[in-house]
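One structure below.
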Amino acid sequence: MDKIPSFLKDHDKLAPGFWFSGKANGVTTFDLRFKKPNCGDFISPAASHSVEHILATLLRNGSQKQNIIYFGPMGCRTGFYLLTVNIDESQAKKALIEALEQAEKIEEIPGAERTECGNYLDHDLEGAKEECRKYLELIND
Ligand SMILES: [Zn+2]
220 MDKIPSFLKD
230 HDKLAPGFWF
240 SGKANGVTTF
250 DLRFKKPNCG
260 DFISPAASHS
270 VEHILATLLR
280 NGSQKQNIIY
290 FGPMGCRTGF
300 YLLTVNIDES
310 QAKKALIEAL
320 EQAEKIEEIP
330 GAERTECGNY
340 LDHDLEGAKE
350 ECRKYLELIN
360 D
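If you want it as structure tokens, here you go:
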């Protein structure tokens, strides 16, 4: 089998940040790398799950909502993927920064009722906000 492109990147050389990953069929993928890979510091499963709920909701209600295709976690828990259409890197980053700023004010995890989520007890609001805060600081530099 062919290796998919993301496995061809040397993950020991990846740094935290906001990175263009690729474009296919009009859809652009960004790697939102919160943590340096393979360095022992990972987003907890509960915080990662809550970041997914919070940022997916805020991005899809934000200034670029019609151009956000998907936001979701990397299985390795070092970051998230953001898939967009019709916007460039700076517009995507701006929409993300707006969502991260709004995340600081969230007091309830969206979609975290039993009927709305497949693992509704596995959430960490404060942990998610802390990860968002640290990532916002990182990409605002
Ligand atoms: Zn969920």
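When you number the sequence shown by our numbering, it's gap-free, plus one each residue, and the end is 360.
We put the CB at the ideal spot given by N, CA and C, even for glycine.
It should be emphasised that the depicted structure is a prediction, and the values quoted were computed from it without experimental measurement.
Work out the CA separation of residue j and residue i for me, nearest whole Å.
i      : j      : result
ALA382 : LYS255 : An answer regarding residue 382 cannot be provided, because it is not within the stretch 220 to 360 covered by the chain.
TYR300 : THR247 : 10 Å
GLU323 : ALA243 : 33 Å
LEU278 : ASP221 : 33 Å
ASP307 : ARG252 : 18 Å
TYR339 : LYS313 : 30 Å
ILE273 : ILE287 : 14 Å
LEU357 : PRO329 : 25 Å
ILE325 : CYS295 : 25 Å
CYS276 : ASP260 : Residue identity differs from the one stated: residue 276 is Thr in this sequence, not Cys. Rounded to whole angstroms, THR276 to ASP260 spans 26 Å at the Cα level.
On the DSSP letters alone, give me the boundaries of the alpha helix (DSSP H) that residue i sits inside.
i      : result
GLY346 : 344–359
Quick one: what does DSSP say residue i is sitting in, helix, strand or coil?
i      : result
ALA331 : coil
THR248 : strand
THR276 : helix
SER267 : helix
PHE253 : coil
PHE290 : strand
LEU319 : helix
PHE261 : coil
LEU362 : There is no way to answer for residue 362, as the model of the chain reaches only from 220 to 360.
Quick check on the burial criterion: 16 or more other C-beta atoms within 10 angstroms. Buried or exposed for residue i?
i      : result
GLY245 : exposed
HIS230 : exposed
ILE262 : buried
LYS348 : buried
PRO224 : exposed
ASN309 : This sequence places Ser at residue 309; Asn is not what is there. It counts as exposed.
GLY337 : exposed
PHE239 : exposed
GLY298 : buried
THR334 : exposed
GLN283 : buried
At what residues does the beta strand (DSSP E) containing residue i begin and finish?
i      : result
LYS242 : 236–243
THR297 : From DSSP, THR297 is part of no beta strand (DSSP E); its letter is neither H nor E.
Using 8 Å as the cut-off, classify the Cβ of residue i as near or not near the heavy atoms of ligand 3, replying yes or no.
i      : result
SER309 : This structure lacks ligand 3; the ligands present are ligand 1.
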